[in-house]
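If you're matching them up, the sequences are chains R and S in order. The C-terminal position of the first sequence is numbered 488 in this note's numbering, with every residue numbered one higher than the one before it. The C-terminal position of the second sequence is numbered 798 in this note's numbering, with every residue numbered one higher than the one before it.
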Amino acid sequence: MEQQLPRSNNSTTRNLVDHVATGLAVLSTILVVTPLVAIFAYLLFKGASSLNLAFFTQVPKPVGEVGGGMANAILGSGIILAIASLMGVPVGIAAGIYLAEFGRNTRFANVVRFTADVLNGVPSIVMGIAVYSLIVLPQKHFSAFSGGVALGIMMIPTITRTTEEMLVMVPNSVREAALGLGLPNWRSVLSITLRTASPGVITGCMLAFARVAGETAPLLFTAFGNSFWSTNLNQPIAALPLQIYIYAISPYDDWHRLAWAGALVLILLIVVSVALVRYVASRGTLKGAA
Amino acid sequence: MGVGITVKDLDAWYGTHQTLFKISLDIPANQATALIGPSGCGKSTFVRCLNRMHETNASGRVDGTVRIGAMDIYKDAAPVEIRRRVGMVFQRPNPFPTMSIYENVASGLKLNGFRNRRVLDEIVERSLKHAALWEEVKDDLRRKSGASLSGGQQQRLCIARALAVDPEVLLMDEPASALDPVSTAKIEDLIFELKSQYTIVIVTHNMQQAARVAERTGFFLSGKLVEFDVTHKIFTNPGDKRTEDYITGRFG
Ligand SMILES: Nc1ncnc2c1ncn2[C@@H]1O[C@H](COP(=O)(O)OP(=O)(O)OP(=O)(O)O)[C@@H](O)[C@H]1O
Ligand SMILES: [Mg+2]
Chain R
199 MEQQLPRSNN STTRNLVDHV ATGLAVLSTI LVVTPLVAIF AYLLFKGASS
249 LNLAFFTQVP KPVGEVGGGM ANAILGSGII LAIASLMGVP VGIAAGIYLA
299 EFGRNTRFAN VVRFTADVLN GVPSIVMGIA VYSLIVLPQK HFSAFSGGVA
349 LGIMMIPTIT RTTEEMLVMV PNSVREAALG LGLPNWRSVL SITLRTASPG
399 VITGCMLAFA RVAGETAPLL FTAFGNSFWS TNLNQPIAAL PLQIYIYAIS
449 PYDDWHRLAW AGALVLILLI VVSVALVRYV ASRGTLKGAA
Chain S
547 MGVGITVKDL DAWYGTHQTL FKISLDIPAN QATALIGPSG CGKSTFVRCL
597 NRMHETNASG RVDGTVRIGA MDIYKDAAPV EIRRRVGMVF QRPNPFPTMS
647 IYENVASGLK LNGFRNRRVL DEIVERSLKH AALWEEVKDD LRRKSGASLS
697 GGQQQRLCIA RALAVDPEVL LMDEPASALD PVSTAKIEDL IFELKSQYTI
747 VIVTHNMQQA ARVAERTGFF LSGKLVEFDV THKIFTNPGD KRTEDYITGR
797 FG
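Quick look at the structure:
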């Protein structure tokens, strides 16, 4: 006798199950995307009307005067984020390389991993207080620099852990190929392994960047905010999230509108910079590259 | 010119598991030497000891002496220097996935600091022609990634990459196991051609291939070198019963 595989005797049942599963998947996707679209739409609705040239060219007006903009806050956020990235990206990537390629299962590597995970969970306001006592207090003044440091430290754990994960995923045969050509280990790590993992590493950096770009709490104790133009790294500096916060808790309708516009600009700036980095990074990609 | 290889009392381990036992043999310069034997007998481990790749495995350990020309590779030189002189084609194709075909072939030179574009172009073309891949990829050299090629093409790319750094010895671990008969024939032609400049050690499961390309053949069994002699003798009049059983397929 021939053995027969058990069969679903009813193909309509199977089709039904198939449809239900697909339906559930679509539903979950909608559930995930809806808040995002809703937030964006609401921001557009509330903020777009207050966006004008003045918003991008003027500094805030004193209380009571209508108009003004957030030019200084946009610039300030750019400066703070540049400092944060200059610090967080190299340190984060270097630590990730250490964990994946050199430390691996050593005790020290495990300590670094644990520290990174704890650091990732530290509330951002605590990070602000820490940098306040480490940099602001000794210097006796708030500064753009200390704000950048606070955000930079917050970027490190995310970048470190994603860099490590991406490097570990690079197959060993790729490392062997590099060593087999007579390349020194450091060369192989930087030019071959890291390069092979670079799409994932870049994603990690962008995630960290986008996350800290909207942080307000750590800046309250460090960058502090500023109603005037300033590009001095040793002076308090304005930042979009700070300005939004100040405007949002104020009692004035005009400031509320500006806060909405600021939130919209903040989101747009994050989206644009992430898209820009992705575009630049993908220009070098080849047909069929893994 | 190629150089000869002298191996004396070579032992190798993975952790506590010994995979090679007192291997001694002389591989002559400018010839092809084939290594045959059943799966898991230690052929790959052996060739990996000839360019110090075995020790890149965290648990890998080696004892004994290996001389490449006059150099005792475990005493006189750094692994990096040896691997430049002793090129390797691995059992599984391993092109650099994010690099173009051109960059893959040029990588060994470029990453060691060689910058002359015109000479690099020449070397890339010559190496790809040698590896019988040029015609298939010459229009996509810089546009296509190494990972986008077929398995057989990837292996020939890896051969080209190894040739580009101009080693004295070329270790080939089953270079043709993923290739169709036409490409295999091309690789065998290549081995014939390369013999005038390089010393070649080739691991193969294909005995006809060993018989066709190699002057000498070694038979490995369970980590030991059972017999090492001129290829003709191994295949027509082996000195050891186990060799005879293996090549006549009565093994096992
Ligand atoms: N990375 C490794 N870690 C631990 N043991 C290993 C490792 N690689 C190989 N071995 C062991 O070493 C022995 C020899 O393996 P090797 O790869 O040298 O065999 P081989 O002759 O090349 O086989 P094949 O023809 O299948 O490629 C085997 O018993 C194998 O289990
Ligand atoms: Mg093998």
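Where is the CB? At the ideal position from N, CA and C, for every residue including glycine.
Among the options, nearest to residue i - alpha-carbon criterion
{"i": "A481(R)", "options": "G301(R), P397(R), L242(R) and F343(R)", "result": "Note that residue 481(R) corresponds to Arg in the displayed sequence, not to Ala. Of G301(R), P397(R), L242(R) and F343(R), the residue nearest in Cα terms is P397(R)."}
{"i": "A578(S)", "options": "V772(S), F660(S), E734(S) and H751(S)", "result": "E734(S)"}
{"i": "L438(R)", "options": "I354(R), T394(R), L431(R) and F422(R)", "result": "F422(R)"}
{"i": "A507(S)", "options": "T591(S), P584(S) and P641(S)", "result": "Chain S is shown from 547 up to 798; residue 507(S) falls before or after that span and cannot be answered."}
{"i": "A395(R)", "options": "T414(R), L405(R) and V366(R)", "result": "V366(R)"}
{"i": "P708(S)", "options": "N370(R), G378(R) and S371(R)", "result": "Here the sequence assigns Ala to residue 708(S), which means Pro is not the residue at that position. Considering only alpha carbons, the answer is G378(R)."}
{"i": "A408(R)", "options": "S275(R), N208(R) and T429(R)", "result": "S275(R)"}
{"i": "A652(S)", "options": "E681(S), Y620(S), F636(S) and L687(S)", "result": "L687(S)"}
{"i": "P721(S)", "options": "L679(S), C704(S) and D622(S)", "result": "C704(S)"}
{"i": "H563(S)", "options": "G586(S), Q743(S) and S729(S)", "result": "G586(S)"}
{"i": "G697(S)", "options": "A580(S), R638(S) and G561(S)", "result": "R638(S)"}
{"i": "S768(S)", "options": "L566(S), I669(S) and D557(S)", "result": "L566(S)"}
{"i": "M753(S)", "options": "E739(S), Y792(S), G785(S) and T552(S)", "result": "Y792(S)"}
{"i": "A269(R)", "options": "L251(R), I278(R), M285(R) and P233(R)", "result": "L251(R)"}
{"i": "E413(R)", "options": "I323(R), P260(R) and I277(R)", "result": "I323(R)"}
{"i": "I465(R)", "options": "F238(R), L214(R), V231(R) and D216(R)", "result": "F238(R)"}
{"i": "W680(S)", "options": "G583(S), V772(S) and K732(S)", "result": "K732(S)"}
{"i": "N432(R)", "options": "G345(R), R311(R) and A415(R)", "result": "G345(R)"}
{"i": "E363(R)", "options": "S371(R), L418(R) and Y296(R)", "result": "Y296(R)"}
{"i": "Y648(S)", "options": "S605(S), N662(S), R607(S) and K690(S)", "result": "K690(S)"}
{"i": "T356(R)", "options": "V316(R), V218(R) and F300(R)", "result": "V316(R)"}
{"i": "A376(R)", "options": "L655(S), E739(S), R758(S) and P784(S)", "result": "L655(S)"}
Heavy atom of ligand 2 within 7 Å of residue i beta-carbon
{"i": "V635(S)", "result": "no"}
{"i": "S371(R)", "result": "no"}
{"i": "S590(S)", "result": "yes"}
{"i": "V193(R)", "result": "In the structure displayed, chain R extends from 199 to 488; residue 193(R) sits before or after that span and is not available."}
{"i": "V749(S)", "result": "yes"}
{"i": "D719(S)", "result": "yes"}
Residue i classed as buried or exposed, judged by whether at least 16 other C-beta atoms fall within 10 angstroms
{"i": "M199(R)", "result": "Low confidence applies to M199(R): its pLDDT is 49, below 50, so where it sits in the model is not reliable enough to give any reading."}
{"i": "Q337(R)", "result": "exposed"}
{"i": "D519(S)", "result": "No answer is possible for residue 519(S): it lies beyond the span of chain S, which begins at 547 and ends at 798."}
{"i": "Y240(R)", "result": "exposed"}
{"i": "K741(S)", "result": "buried"}
{"i": "R305(R)", "result": "exposed"}
{"i": "V715(S)", "result": "buried"}
{"i": "V329(R)", "result": "buried"}
{"i": "K621(S)", "result": "exposed"}
{"i": "G326(R)", "result": "buried"}
{"i": "M547(S)", "result": "exposed"}
{"i": "I447(R)", "result": "exposed"}
{"i": "F426(R)", "result": "exposed"}
{"i": "K684(S)", "result": "exposed"}
{"i": "V320(R)", "result": "exposed"}
{"i": "K787(S)", "result": "exposed"}
{"i": "L222(R)", "result": "exposed"}
{"i": "T227(R)", "result": "exposed"}
{"i": "V469(R)", "result": "exposed"}
{"i": "Y450(R)", "result": "exposed"}
{"i": "F504(R)", "result": "A question about residue 504(R) goes unanswered here, because the residues of chain R that appear run from 199 up to 488."}
{"i": "S283(R)", "result": "buried"}
{"i": "R212(R)", "result": "exposed"}
Near ligand 1: residue i beta-carbon under 7 Å from a heavy atom
{"i": "Y845(S)", "result": "This structure cannot speak to residue 845(S), because chain S is shown only from 547 to 798."}
{"i": "T565(S)", "result": "yes"}
{"i": "G587(S)", "result": "It is Cys, not Gly, that sits at residue 587(S) in the sequence shown. Within the cutoff, so yes."}
{"i": "G583(S)", "result": "yes"}
{"i": "N603(S)", "result": "yes"}
field: Whole runs of the beta strand (DSSP E) within the segment 604 to 658 of chain S, excluding any shorter than 3 residues
entry: 606 to 614 and 632 to 635
field: In chain order, each beta strand (DSSP E) run of at least 3 residues that lies wholly inside the segment 418 to 462 of chain R
entry: none
message: Can you pull out the residues from the segment 353 to 384 of chain R whose beta carbon lies closer than 7 Å to at least one beta carbon of chain S?
response: S371, V372, E374, A375, L377, G378, L379, G380, L381 and P382
task: Please list the residues of the segment 634 to 654 of chain S that have a C-beta atom closer than 7 Å to any C-beta atom in chain R, keeping them in chain order.
output: M634, F636, R638, N640, F642, P643, T644, S646, S653 and G654
field: Those runs of the beta strand (DSSP E) which lie wholly inside the segment 560 to 602 of chain S and span at least 3 residues
entry: 563 to 573 and 578 to 582
message: Residues of the segment 587 to 612 of chain S in Cβ contact with chain R at a cutoff of 8 Å, in chain order, please.
response: N597, M599 and T602
- prompt: Enumerated in chain order, which unbroken segments of the alpha helix (DSSP H) with a length of 4 residues or greater are wholly contained in the segment 356 to 424 of chain R?
  reply: 370 to 378, 392 to 411 and 415 to 418
field: Whole alpha helix (DSSP H) elements within the segment 216 to 271 of chain R, 4-residue minimum
entry: 251 to 255
field: Members of the segment 710 to 723 of chain S that neighbour chain R once the beta carbon cut-off is set at 7 Å
entry: V711
field: Runs of beta strand (DSSP E) wholly within the segment 659 to 694 of chain S (minimum 3 residues, chain order)
entry: none
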